[in-house]
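Heads up: the sequence lines are chains W and V, in that order. Here the working numbering is used: position 84 in the first sequence is 258, and no number is missing along the way. Here the working numbering is used: position 90 in the second sequence is 264, and no number is missing along the way.
Number of protein chains: 2
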Amino acid sequence: MTALKYSRQREAIKNYLMATKEHPTADIVYLHVKEEFPNISLGTVYRNLNLLTDIGEALKIPSPDGADRFDGNALPHNHFFCTTCGRVLDLDLDIKKLEEINTSASENFDGKIESSSIAFYGKCGKCISRQN
Amino acid sequence: MTALKYSRQREAIKNYLMATKEHPTADIVYLHVKEEFPNISLGTVYRNLNLLTDIGEALKIPSPDGADRFDGNALPHNHFFCTTCGRVLDLDLDIKKLEEINTSASENFDGKIESSSIAFYGKCGKCISRQN
DNA sequence: CTGGTTGCAAAAGATTTGCAACGGC
DNA sequence: GCCGTTGCAAATCTTTTGCAACCAG
Numbered sequence: 175m176t177a178l179k180y181s182r183q184r185e186a187i188k189n190y191l192m193a194t195k196e197h198p199t200a201d202i203v204y205l206h207v208k209e210e211f212p213n214i215s216l217g218t219v220y221r222n223l224n225l226l227t228d229i230g231e232a233l234k235i236p237s238p239d240g241a242d243r244f245d246g247n248a249l250p251h252n253h254f255f256c257t258t259c260g261r262v263l264d265l266d267l268d269i270k271k272l273e274e275i276n277t278s279a280s281e282n283f284d285g286k287i288e289s290s291s292i293a294f295y296g297k298c299g300k301c302i303s304r305q306n
Numbered sequence: 175m176t177a178l179k180y181s182r183q184r185e186a187i188k189n190y191l192m193a194t195k196e197h198p199t200a201d202i203v204y205l206h207v208k209e210e211f212p213n214i215s216l217g218t219v220y221r222n223l224n225l226l227t228d229i230g231e232a233l234k235i236p237s238p239d240g241a242d243r244f245d246g247n248a249l250p251h252n253h254f255f256c257t258t259c260g261r262v263l264d265l266d267l268d269i270k271k272l273e274e275i276n277t278s279a280s281e282n283f284d285g286k287i288e289s290s291s292i293a294f295y296g297k298c299g300k301c302i303s304r305q306n
């Protein structure tokens, strides 16, 4: 285990991640942090996003089409993927229900379930009203 | 809508996908189908996997580390991702519970939820026993 | 014949990495 | 000063695509 050292770039990345609800891709994080650090490189953004993910301060959300997305909220919660516009939204569920699911899943499964996350798919509110 | 035409390559890909429970990457599908069609190209494998996914005869499972995986079982079911060895396993849940989740999620959500899928994380049985 | 499909290779997109300079501690 | 971090560019990995030949209907 190597000691972690402070860096202004990493802090800016983390601040941006925690402030937005947009579940940005690495590229979008890069574009925003670039406003404050014009010389920052995409490689640094990737390195720090992975580092934050590894130490549990961010989530990496894989996407079936396109780049992975990142979430500054590392607490257990779920996501909704709009199949029309591609947006990713947070979606909170009753904790009891979530625990029930893990318990129920453990019953017929050979292994240890440590966590779970649900992906919901459909049309988001914006896309539904745009369609009318 | 363009008419779909039979191809031996597509059939071989589909057969392999339906026969395995390994949730293979495109590359692994390629290596297996190559045994029967030595000249098949990776591009053809990708084209057909995407086609099968589009017409609902396969699922594309995005992975946070590495290539997407494909599943020949297109019926709604869930997956377990072993955080130690990276294997992806099927995991079935009570249908009632799944419906409850979608209903419960719809209540506080502005949009239309059409489907959902749960990703479970932890250690698979093999990795647990290997560790002892 | 017509038009979907294939193999090949090049291109595109996303992410990682080697390296020398830099910056925390 | 030591060693983690950065910027840059090149490399790697995954997936898509243009094109001419091919094949199913």
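Backbone N, C-alpha and C fix where the C-beta goes; we use that ideal spot for every residue, glycine too.
Local Cβ density within 10 Å of residue i, reported as buried at 16 or more and exposed below that
i	result
G299 (chain W)	exposed
N222 (chain W)	buried
L265 (chain W)	buried
P245 (chain W)	Going by the sequence as given, residue 245 (chain W) is Asp instead of Pro. Burial call: buried.
L267 (chain V)	buried
P238 (chain V)	exposed
G217 (chain W)	exposed
S290 (chain V)	buried
D284 (chain W)	exposed
R182 (chain W)	exposed
R304 (chain W)	exposed
P198 (chain V)	buried
A201 (chain W)	It should be pointed out that residue 201 (chain W) corresponds to Asp in this sequence rather than to Ala. Exposed: under 16 other Cβ atoms inside 10 Å.
A186 (chain V)	buried
A279 (chain W)	buried
Bridge partners - residue i, DSSP secondary structure assignment
i	result
I292 (chain V)	W:I292
H298 (chain W)	What sits at residue 298 (chain W) in the sequence shown is Cys, not His. According to DSSP, which records beta bridges pairwise, C298 (chain W) is partnered with V:G285.
T194 (chain W)	Beta-bridge pairing links T194 (chain W) to no other residue.
T176 (chain V)	The partner list for T176 (chain V) (beta bridge, DSSP) is empty, contrary to what the question assumes.
T199 (chain W)	W:R243
By the 8 Å beta-carbon criterion, what residues does the segment 275-288 of chain V contribute toward chain W? I275, N276, S278, A279, N282, F283, D284, G285, K286, I287 and E288
Taking contact to mean 3 or more Cβ pairs, one atom from each stretch, closer than 8 Å, check whether the segment 222-233 of chain V and the segment 176-187 of chain V are in contact. yes
Would you say the segment 250-265 of chain W touches the segment 283-302 of chain W, given that touching needs at least three Cβ pairs under 8 Å? yes
Restricting to runs no shorter than 4 residues, where is the alpha helix (DSSP H) found entirely within the segment 233-286 of chain W? 269-281
Would you call the segment 270-286 of chain W in contact with the segment 269-276 of chain V, where contact means no fewer than 3 C-beta pairs closer than 8 Å? yes
Three or more beta-carbon pairs under 8 Å between the segment 240-249 of chain V and the segment 204-213 of chain V, yes or no? no
Residues in the segment 247-259 of chain W with C-beta within 8 Å of chain V's C-beta atoms, listed in sequence order? N252, F254, C256 and T257
Beta carbons nearer than 8 Å to chain V: which residues of the segment 178-208 of chain W have them? none
Short of 7 Å Cβ to Cβ, which residues in the segment 291-302 of chain W face chain V? S291, I292, A293, F294, Y295, G296, K297, C298, G299 and I302
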